[in-house]
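Participant: Submitted below is the structure of interest, expressed as structure tokens.
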Amino acid sequence: MATPVAIPLATPELNDAERAQALARRYHSEFIDLREHKIQHDLVKSVPVELMFRYNFIPLEQQGDRLVIAVSDPSRLMVLDEISGLLGTRLITRVATLTQITDLLKKTEQSQRVLEEATEGLTYEVVPGDDSPDSNISIERLTSEDDISPIIRLVDTTIFSALERRASDIHLETYEDSLLVKYRIDGVLQQAMAPIAREHHQTILSRIKVMSELDIAERRVPQDGRFRVRYKGRLIDFRVSIMPTVHGENAVLRVLDKESMSEKFKQLSLDVVGFAAEDLRRFRRYIKEPYGMVLVTGPTGSGKTTTLYAALNEIKSEDDKIITIEDPVEYQIRGITQIPVNEKKGLTFARGLRSILRHDPDKILVGEIRDAETAQIAINSALTGHLVFTTVHANNVVDVLGRFLNMGVEPYNFVSALNCILAQRLVRQNCDFCSTYVTHSDEDLELNGLNPDEWRGFQFREGQGCIECGGTGYRGRSAIHELLELDDEVREMLLDKKPGSEIRKRARDKGMNFLRDSALDRVRHGITTLKEINKVTFIEAGR
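Once you know that position 452 of the sequence shown is 451 in numbering that gives the first Met the number 0, the rest is easy, because the numbers rise by one and skip nothing.
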């Protein structure tokens, strides 16, 4: 066998990839770029986390009785023997850069490993109340040897892990025998860690109350607060809601990453929200009207505010005064006057809206219409020369009128003020790192309300689950819409209180696409799956 050629691996001119490739050639191993390799989420989960961190390797695939792993230095035969012995299997080695291996390890189980350590040996402790509300969250702090209380470490690590995993909310749910911690990621709740012993519940809640500057002695009424942490150099706000239940207090922490979102909102436009081309063209026409009301409807967390922000971002100019009143102002947009509701001080939507009208605005955004007074002022504003953007909770565009009638609004004024009604939902998008194409049987197509003659043999794109998406097969979300234009015929039908089915049929005849149509269009383009759209839209037969 030929003697391997000596390669100057320590040469500073060689970058990580070149050094790894040189090592691979020297030791007759295959070089692998982990960015282009599909990591098997279940296989990674089957290998103890501490081993992967201790020896810096990533399992790639199982080949019979051998495990294929990626290492950065194949010359360390003793280390490879140890890994083989500890795992009880023979190894096939591939070579990857150390940077890629450590980045993947951090992405997979870094925070989970710390979470598991943080839950060990929890004891009752008095949590001091003088902690700074602006604390610094980092993996180095959480894994340091500093004398940090186990409870403080657990809470801080839970927050850090949530930020690493792109969670929008942290839920702490109390049960008779345990405390569960869940993250809402892409709109879906996922359990963050093993259940925590019930005896530590009150200490953990007290820590969150201290951070939020709430009353730790009060356990019988709801409390709302907020705190701020520094994460990767930027400040992130958390809105905290404490709610008493039969088993003790529950907590929900809403993540408000204002600095990150402010950067995104600078470039935010309706193009990235997810509109179909024709709906986008029509909606853009309505947001540029001189007056009237643009109404967006949908459940909580369906992206209504983001859509309205995108619309304002497109139409704002130095010629117009745009004022918003919101509860709360989640993201700040330069060039727009934004007012936060403060009901404790008496600044309600209705009172704030009256003041806004005396402030000479051209366009107004009312974060949400909750009562008859706010509705009436908003409608009058739209009828007297202002362009009003607002949201309301309703299931679809046709149910909106009933919602306003229940508030006691005069139907004629409301219908006259409306330019359009946009209903919106969010669906999770397929993960780009692990998506493959599958076909469904005729029976499955019919169960999903699809015509087998039209969809038979269609290649449906579906995520299989990987490290990047946390094994869910989804990463990120996209909006689906239905847009009802208020022409004279539709206005008359609404005033005559025609059945919703009749209004929908007439709107379809005029070319309106409904939420299900929009959702199926996302499936057709490989953006999401049938299973996902069935969670937010009704299955309609024979489509």
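Beta carbons: idealized from backbone N, C-alpha and C, even for Gly.
Using the DSSP secondary-structure output, state which residues sit across from residue 480 in a beta bridge.
Facilitator: Paired residues: 423.
Participant: Determine the closest residue to residue 544 out of 498, 401, 383, 421, with distance taken between C-alpha atoms.
Facilitator: Nothing can be reported for residue 544: it is not among the residues displayed for the chain, which extend from 0 to 542.
Participant: Find out if the Cβ-Cβ distance for the pair residue 94, residue 193 is shorter than 8 Å.
Facilitator: Going by C-beta atoms, residue 94 is not nearer than 8 Å to residue 193.
Participant: In the DSSP output, which residue or residues are listed as bridge partners for residue 291?
Facilitator: Per DSSP, 386.
Participant: So, with DSSP's three-state summary, where would you put residue 393?
Facilitator: Residue 393 falls in the coil class under three-state DSSP.
Participant: According to the neighbour-count rule (16 or more other Cβ atoms, all chains shown, within 10 Å of its Cβ), is residue 316 buried or exposed?
Facilitator: Counting Cβ neighbours within 10 Å, residue 316 comes out exposed, since fewer than 16 surround it.
Participant: Residue 413 and residue 438: beta carbons closer than 8 Å?
Facilitator: No, the Cβ-Cβ distance between residue 413 and residue 438 is not below 8 Å.
Participant: Roughly how many whole angstroms lie between the Cα atoms of residue 522 and residue 368?
Facilitator: Their Cα atoms are separated by approximately 33 Å.
Participant: Are there three or more Cβ pairs, one per stretch, closer than 8 Å when the stretch 178-192 is compared with the stretch 420-436?
Facilitator: The answer is yes - the stretch 420-436 touches the stretch 178-192, with three or more Cβ pairs under 8 Å.
Participant: Apart from the five residues just before and just after residue 358, which ones in its own chain have a Cβ nearer than 7 Å to its Cβ?
Facilitator: If we look at residue 358 and ignore the five residues flanking it on each side, its Cβ neighbours are 322.
Participant: Let me check one thing: in DSSP terms, what residues is residue 196 bridge-paired to?
Facilitator: 177, per the DSSP bridge assignment.
Participant: When we look at the beta-carbon of residue 49 and count the other beta-carbons within 10 Å, is it buried (16 or more) or exposed?
Facilitator: Exposed: under 16 other Cβ atoms inside 10 Å.
Participant: Quick one: what's got a C-beta closer than 6 Å to residue 121's C-beta in the same chain, skipping five residues either side?
Facilitator: With a pLDDT of 36 at residue 121, under the threshold of 50, the modelled position of that residue is not reliable, and the figure given next carries that caveat. Correct list, in chain order: 149, 199.
Participant: Compare the beta carbon distance of residue 408 and residue 481 with 8 Å and say whether it is the shorter of the two.
Facilitator: Not a contact, by the Cβ cut-off of 8 Å.
Participant: Using a Cβ distance threshold of 8 Å, determine whether the stretch 156-176 contacts the stretch 233-251, with at least three qualifying pairs required.
Facilitator: In short, these stretches touch, since the Cβ pair count reaches three.
Participant: Nearest to residue 227 by CA position, among 162, 513, 282, is which residue?
Facilitator: Answer by Cα proximity: 162.
Participant: DSSP state of residue 242, grouped into three classes?
Facilitator: Three-state result, residue 242: strand.
Participant: Identify whether residue 537 lies in helix, strand or coil by the three-state DSSP scheme.
Facilitator: If DSSP states are grouped into helix, strand and coil, residue 537 belongs with coil.
Participant: Are the CB atoms of residue 37 and residue 457 within a distance shorter than 8 Å?
Facilitator: Not closer than 8 Å, so no.
Participant: Per DSSP, residue 94 forms a beta bridge with which residues?
Facilitator: Residue 94 pairs with 30, 70.
Participant: Do you know whose CA, among 498, 484, 528, 524, lies nearest residue 509's CA?
Facilitator: Nearest option by C-alpha distance: 484.
Participant: Can you tell which of 65, 517, 419 has its C-alpha closest to the C-alpha of residue 281?
Facilitator: When each option's Cα is compared against that of residue 281, the closest is 419.
Participant: Any chance you could list the alpha helix (DSSP H) runs of at least 4 consecutive residues sitting entirely within the stretch 434-474, in chain order?
Facilitator: Those alpha helix (DSSP H) runs which fall completely within the stretch 434-474 and span 4+ residues are 441-446, 451-454.
Participant: Look at the Cβ atom of residue 472, then the Cβ atom of residue 463, and state whether they are nearer than 8 Å.
Facilitator: Their beta carbons are under 8 Å apart, which means residue 472 touches residue 463 by this criterion.
Participant: Beta carbon of residue 325, beta carbon of residue 349: below 8 Å?
Facilitator: No, the pair does not count as a contact, with Cβ atoms beyond the cut-off.
Participant: At the level of alpha carbons, what is the spacing between residue 524 and residue 517?
Facilitator: One C-alpha to the other measures close to 11 Å.
Participant: Can you tell me where the alpha helix (DSSP H) holding residue 317 begins and where it ends?
Facilitator: From DSSP, residue 317 is part of no alpha helix (DSSP H); its letter is neither H nor E.
Participant: Would you grab the beta carbon distance between residue 335 and residue 311 for me? Rounded to a whole angstrom, and I think it's under 8 Å.
Facilitator: Contact holds; Cβ gap of about 6 Å.
Participant: How many whole angstroms separate the CB atoms of residue 548 and residue 67, which I take to be in contact at a CB cut-off of 8 Å?
Facilitator: Any question about residue 548 goes unanswered here, given that the chain covers just 0 to 542.
Participant: Rounded to whole angstroms, how far is the Cβ of residue 380 from the Cβ of residue 356, which I believe are closer than 8 Å?
Facilitator: About 6 Å; that satisfies the 8 Å criterion.
Participant: Taking the alpha-carbon positions, what's the residue 436 to residue 90 distance?
Facilitator: One C-alpha to the other measures close to 31 Å.
Participant: So, residue 417 versus residue 377, is the Cβ gap smaller than 8 Å?
Facilitator: Not closer than 8 Å, so no.
Participant: Indicate whether residue 196 and residue 157 have their beta-carbon atoms separated by less than 8 Å.
Facilitator: No, the pair does not count as a contact, with Cβ atoms beyond the cut-off.
Participant: What does the Cβ neighbour count give for residue 515, buried or exposed, with the cut at 16 atoms within 10 Å?
Facilitator: Buried.
Participant: Is residue 76 buried or exposed, if buried means 16 or more other CB atoms sit within 10 Å of its CB?
Facilitator: Under this definition residue 76 is an exposed residue.
Participant: Would you decide whether residue 40 is buried or exposed? Buried here means 16 or more other CB atoms lie within 10 Å of its CB.
Facilitator: The residue in question, residue 40, is buried, as its Cβ has 16 or more Cβ neighbours within 10 Å.
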